[in-house]
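Asker: Heads up: the sequence shown begins at 16 in my numbering, then just goes up one per residue. Cβ coordinates follow ideal geometry from the N, Cα and C atoms, glycine included. All values derive from a computational prediction rather than experimental measurement. This is the structure, below, for whatever I ask next.
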Amino acid sequence: MAMEIAQLLVALVMAHFLCDFALQNDFVANFKARFVGDKKNDMWGWVLSAHCAIHALPVFLLTKSLGLSLLMFVTHFVIDLMKCEKKISFNLDQSLHLTVVFLITGLYALS
Numbered sequence: 016m017a018m019e020i021a022q023l024l025v026a027l028v029m030a031h032f033l034c035d036f037a038l039q040n041d042f043v044a045n046f047k048a049r050f051v052g053d054k055k056n057d058m059w060g061w062v063l064s065a066h067c068a069i070h071a072l073p074v075f076l077l078t079k080s081l082g083l084s085l086l087m088f089v090t091h092f093v094i095d096l097m098k099c100e101k102k103i104s105f106n107l108d109q110s111l112h113l114t115v116v117f118l119i120t121g122l123y124a125l126s
C-alpha cells in the first residue's frame with residue numbers, strides 16, 4: 016500500500032509539471048487572466064477552466080475519484096487566478112499546487 020501511495024504521489028507531481036508547463040502554451044498562459052495587458056479578456060474564465068480541467072483529468076484517471084479531481088480543479092482555479100492577478104508569486108503558485116498534490120495523495124491514502 017505504501018508503495019502504491021508513493022507511486023501515486025510521483026505520478027501526480029509529474030502530471031502537474033506536464034500540465035502546467037508542457038501542455039500549457041503561450042495562449043493559455045496569457046489568456047487565462049482577466050486582463051491581457053490593459054485590455055479586458057472576456058475569454059479568461061473559459062481558458063482558465065480548460066486549463067484546470069486538464070489538471071483534474073490525471074487526478075481522476077489515477078484515483079478514480081470525482082471528489083479529488085474536483086478538488087484539483089477548484090484549487091487550481093483559485094491559485095492560478097491569484098497568480099494571474101499578481102496576488103501571489105510564481106514560486107508561491109507552484110508551492111501551493113504541490114501542496115494540493117500532497118493533500119490529494121493523503122486523502123486518497125485515507126480512503
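For residue 47, which of helix, strand or coil comes out of DSSP?
Answerer: If DSSP states are grouped into helix, strand and coil, residue 47 belongs with coil.
Asker: What is the C-beta distance between residue 56 and residue 48, in whole angstroms, given that I count them as a contact (C-beta under 8 Å)?
Answerer: So it is a contact: roughly 6 Å between Cβ atoms.
Asker: Apart from the five residues just before and just after residue 84, which ones in its own chain have a Cβ nearer than 6 Å to its Cβ?
Answerer: Closer than 6 Å at the Cβ level, and outside the excluded window around residue 84, lie 71, 74 and 75.
Asker: For residue 102, name the three-state secondary structure that DSSP assigns.
Answerer: Coil.
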